[in-house]
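Undergrad: One structure, as structure tokens, below. Some questions next.
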Amino acid sequence: MRRRMGRSLTWPKAVAFPLVVFLLLAGCQAAGPGAPPAAPPGSPVAALATPTAVPTATATPLPSPTATATPSPTATPTPTPTPLPIPVTGDPRAAILHDPEPQENALCGIVDLLDFPLDPPDALNVSYGGRGFGQFRSRYDLYHAGEDWQLVRGRSNLGVPVYAIGHGRVTYAHPYGWGTDQGTIIIRHTFADGRTVLSFYGHMDPDSVTLRAGDCVVRGQKIAEIGQPRTPPHLHFEIRTHMPDEPGPGYWGSDPTEAGWLPPSPFIWNNRMAAMPGVAWTRPGTAEDPQYIGVVNGNTLLALQDEELVGLDVADGRLRWRRTLTETVTSVVVDAHQTQLYMVTRPGQVTAYPLLAADEATTTLAEAPLWQVDLNKVGLPTLRPLPGGGVVVAVRQDLTAIAASGEVLWWARLAQPAADWLLTAD
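Going by the numbering used here, the sequence shown wraps up at 434, each residue one higher than the last.
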């Protein structure tokens, strides 16, 4: 593979899992056939007087009339709104796909959905794919700017078909674009919002590279076959925003994401999820294990990723604030009353922060904590909010309950560590 020398910096984690937010429709369950109409809340129910016998007039004096108790109005129950799922019938993917149509800013059509370059659409039979982006390779003293793909690990992949990941226009194709490392192809993809990216395919068999610059391709179209470079046959796959008409080096001297490259597989997954029915927005991350915390006060989504606590606008996913964490936080939860946030570190230090109202209808985190409690229990602590406020900490077999004020309420030891657990109001 071609290489270019440069300075070396530490490369962060490369695998990304985006946050996805779904829209749900809410409705009320309709009353069954023949059910009486519900009265508005608070409306009195008419009381029907019971007929009484009229006494026959006599010569004796009539008794004084006595007050008749009138029944008090009773409240009519109001139907409780029941959330209803978005109705999806058939194949959601089929509803998204469309043939490319030439447009002024996209002569080869707009991207509908992105697939993977081997065994599309989902690369289900690929034994080695999506690996190696941003990794430091001591052999070259550089960072890998793409992913390595092999259909079958441990066997020759010479001649394996390679496919276009989406509708687009070829900007570069050469049977020997990388010389002895063989053929290269670049395709520009245009999205509905005007954004463009380039997909790059390297180590192609020279005889299979028949496309030329300006050709249109469609998603899932075979564009070439894996060739025999100096290394074992494999596909070098990139997503980038620069160099539309030159192969590029394949490696870089520093973080590739700061020089115009994007993590390929996470980019494809993010596009696919964003296109699904019911998705309001997505936000790509770079953490290997992002933790969704919850929505606070209906306006701010909290998440833990990349050793940062972030607050996102629940309406559109915009970043409202972020807090860099100086220690390894293993669990974060919000108080049952949504007034405090609790986090715990690996050494067992529990910290509570107030949640404050901020501008633009968002909720933010106070700078200074309310309190800290050191449990001095080493492990992987997890948290659950107490129903009445406060938090329970689980470390191996030990459970510790802490009030919202920071007071330790009780401690218990289980017979064995719990695989998973939850708290109930009981």
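A virtual CB, placed ideally from N, CA and C, is assigned to each residue, including glycine. Model, not experiment: these values are computed from the prediction.
Grab the span of the beta strand (DSSP E) containing alanine 102 for me, first residue to last.
TA: Taking the sequence shown and counting its residues from 1, the one referred to as residue 102 is at position 94. Where alanine 102 is concerned, there is no enclosing beta strand (DSSP E), although the alpha helix (DSSP H) it sits in stretches over 100-104.
Undergrad: By alpha-carbon positions, which one of Met284, Asn279, Pro264, Arg404 ends up nearest to aspartate 439?
TA: Nothing can be reported for residue 439: it is not among the residues displayed for the chain, which extend from 9 to 434.
Undergrad: Kindly indicate which three-state DSSP category proline 362 falls into: helix, strand or coil?
TA: The residue you call residue 362 lines up with position 354 of the sequence shown. Looking at proline 362 - three-state DSSP - the assignment turns out to be strand.
Undergrad: On the criterion of 16 or more Cβ atoms from any shown chain inside 10 Å, does histidine 250 qualify as buried, or is it exposed?
TA: Here residue 250 refers to the residue found at position 242 when the sequence shown is read from its first residue. Burial call: exposed.
Undergrad: So, are the CB atoms of arginine 177 and alanine 103 less than 9 Å apart?
TA: As a first step, residue 177 is located in the sequence shown; it is residue number 169 there, counting from the start. As a first step, residue 103 is located in the sequence shown; it is residue number 95 there, counting from the start. Not closer than 9 Å, so no.
Undergrad: Counting pairs of Cβ atoms below 8 Å between the segment 182-202 and the segment 218-235, do you hit three or more?
TA: The answer is yes - the segment 218-235 touches the segment 182-202, with three or more Cβ pairs under 8 Å.
Undergrad: At what residues does the beta strand (DSSP E) containing alanine 437 begin and finish?
TA: Coverage of the chain is limited to positions 9 through 434, which leaves residue 437 absent and any answer about it impossible.
Undergrad: When DSSP labels each residue in this structure, what does phenylalanine 275 get in the three-state scheme?
TA: For this step, residue 275 is matched to residue 267 along the sequence shown. Looking at phenylalanine 275 - three-state DSSP - the assignment turns out to be helix.
Undergrad: Answer yes or no: do valine 318 and valine 303 have a C-beta to C-beta separation smaller than 9 Å?
TA: Reading the sequence shown from its first residue, position 310 is the one you call residue 318. Reading the sequence shown from its first residue, position 295 is the one you call residue 303. No, the pair does not count as a contact, with Cβ atoms beyond the cut-off.
Undergrad: Sorry if obvious, but does the Cβ on isoleucine 410 come closer than 8 Å to a heavy atom of the ligand SAM?
TA: No copy of the ligand SAM occurs in the structure displayed, which carries no ligand at all.
Undergrad: Nearest by alpha-carbon distance to tryptophan 260: which of Asp107, Tyr361, Ala402, Phe144 is it?
TA: By 1-based counting over the sequence shown, the position of residue 260 is 252. For the residues Asp107, Tyr361, Ala402, Phe144, the minimum Cα distance to tryptophan 260 belongs to Phe144.
Undergrad: So, using beta-carbon positions, are arginine 227 and valine 119 closer together than 9 Å?
TA: As a first step, residue 227 must be located in the sequence shown, where it is residue number 219. As a first step, residue 119 must be located in the sequence shown, where it is residue number 111. Cβ atoms of arginine 227 and valine 119: closer than 9 Å.
Undergrad: Are the beta-carbon atoms of phenylalanine 208 and phenylalanine 245 separated by less than 9 Å?
TA: The residue given as residue 208 occupies position 200 in the sequence shown. The residue given as residue 245 occupies position 237 in the sequence shown. Yes, they are a contact pair.
Undergrad: Considering only their Cβ atoms, is the gap separating leucine 349 from leucine 373 smaller than 9 Å?
TA: As a first step, residue 373 is located in the sequence shown; it is residue number 365 there, counting from the start. As a first step, residue 349 is located in the sequence shown; it is residue number 341 there, counting from the start. It is a contact, given that the beta carbons lie within the stated cut-off.
Undergrad: For methionine 212 and leucine 270, I'd like the C-alpha separation in whole angstroms.
TA: Along the sequence shown, read from residue 1 onward, the residue named residue 212 stands at position 204. Along the sequence shown, read from residue 1 onward, the residue named residue 270 stands at position 262. For methionine 212 and leucine 270, the distance between alpha carbons rounds to 21 Å.
Undergrad: Can you give, in chain order, each stretch of the alpha helix (DSSP H) that sits fully within the segment 256-337 and has at least 4 residues?
TA: The segment 256-337 contains these whole alpha helix (DSSP H) runs: 272-282.
Undergrad: Using only alpha-carbon positions, find the residue among Leu417, Gly140, Arg392 that is nearest to aspartate 446.
TA: In the structure as shown, the chain begins at 9 and stops at 434. Residue 446 is therefore absent and cannot be evaluated.
Undergrad: Could you check the C-alpha separation between tryptophan 418 and threonine 371 for me, to the nearest Å?
TA: Stepping through the sequence shown from its first residue, residue 418 is reached at position 410. Stepping through the sequence shown from its first residue, residue 371 is reached at position 363. About 31 Å.
Undergrad: Within 10 angstroms of the Cβ of threonine 334, are there 16 or more other Cβ atoms? Answer buried if so, exposed if not.
TA: Indexing the sequence shown from 1 puts residue 334 at position 326. Classification of threonine 334: exposed, given that the 10 Å Cβ count is below 16.
Undergrad: Do glycine 210 and glycine 154 have their C-beta atoms within less than 9 Å of each other?
TA: Taking the sequence shown and counting its residues from 1, one reaches residue 210 at position 202. Taking the sequence shown and counting its residues from 1, one reaches residue 154 at position 146. Yes, Cβ-Cβ distance for glycine 210 and glycine 154 is below 9 Å.
Undergrad: Residue ranges of each beta strand (DSSP E) run of no fewer than 3 residues wholly in the segment 363-408, ordered along the chain?
TA: Counting only runs of 3 or more, we get 370-373, 379-382, 390-393, 399-403.
Undergrad: Going straight from the alpha carbon of threonine 218 to that of arginine 203, what length do you get?
TA: Residue numbering aside, residue 218 sits at position 210 when the sequence shown is read from its first letter. Residue numbering aside, residue 203 sits at position 195 when the sequence shown is read from its first letter. The straight-line gap from Cα to Cα measures roughly 27 Å.
Undergrad: Output the distance between the C-alpha atoms of arginine 326 and aspartate 406, rounded to the nearest integer angstrom.
TA: Taking the first residue of the sequence shown as position 1, residue 326 is located at position 318. Taking the first residue of the sequence shown as position 1, residue 406 is located at position 398. Their backbone Cα atoms lie some 39 Å apart in a straight line.
Undergrad: Taking all protein chains shown into account, decide if threonine 239 is buried (16 or more other Cβ within 10 angstroms of its Cβ) or exposed.
TA: Locating residue 239 in the sequence shown gives position 231, where the first residue counts as 1. Threonine 239 should be labelled exposed.
Undergrad: How many angstroms separate the CA atom of aspartate 127 from the CA atom of isoleucine 231?
TA: By one-based count along the sequence shown, residue 127 stands at place 119. By one-based count along the sequence shown, residue 231 stands at place 223. Each residue's alpha carbon lies about 13 Å from the other.
Undergrad: Are the CB atoms of glutamine 229 and glycine 171 within a distance shorter than 9 Å?
TA: Numbered from its first residue, the sequence shown carries residue 171 at position 163. Numbered from its first residue, the sequence shown carries residue 229 at position 221. It should be noted that the sequence gives tyrosine, not glycine, for residue 171. Taking 9 Å as the Cβ cut-off, tyrosine 171 and glutamine 229 qualify as a contacting pair.
Undergrad: Based on Cα-Cα distance, which residue from Pro257, Val225, Asp215, Leu159 lies nearest to histidine 152?
TA: By 1-based counting over the sequence shown, the position of residue 152 is 144. With distances taken between Cα atoms, histidine 152 lies closest to Pro257.
Undergrad: Cutting at 6 Å between CB atoms, please list the residues of its own chain near glycine 138, excluding the five before and the five after it.
TA: Along the sequence shown, one-based indexing puts residue 138 at 130. Glu155, Ser273.
Undergrad: Taking only three categories from DSSP, how would you classify glycine 185?
TA: Counting from one through the sequence shown, the residue named residue 185 turns up at place 177. Glycine 185 falls in the coil class under three-state DSSP.
Undergrad: To the nearest angstrom, report how far apart arginine 331 and alanine 402 are at their CA atoms.
TA: Indexing the sequence shown from 1 puts residue 331 at position 323. Indexing the sequence shown from 1 puts residue 402 at position 394. Approximately 25 Å between the Cα atoms of the pair.
Undergrad: What are the start and end residues of the beta strand (DSSP E) that includes methionine 351?
TA: The residue given as residue 351 occupies position 343 in the sequence shown. Methionine 351 -> beta strand (DSSP E) spans 348-353.
Undergrad: I'd like the span of the beta strand (DSSP E) that includes proline 237, first residue to last.
TA: Within the sequence shown, the letter at position 229 stands for residue 237. Unbroken run through proline 237: none, as it is neither H nor E.
Undergrad: Could you tell me the alpha carbon to alpha carbon distance between proline 252 and leucine 159, rounded to whole angstroms?
TA: In the sequence shown, the residue the question calls residue 252 occupies position 244. In the sequence shown, the residue the question calls residue 159 occupies position 151. If I take the Cα positions, the gap works out to 27 Å.
Undergrad: Helix, strand or coil for proline 214 per DSSP?
TA: Residue mapping note: residue 214 aligns to position 206 of the sequence shown, counting from 1. Helix.
Undergrad: Among all the DSSP beta bridges, which residues are the ones paired with valine 225?
TA: Here residue 225 refers to the residue found at position 217 of the sequence shown. Its beta-bridge partners are Gly176.
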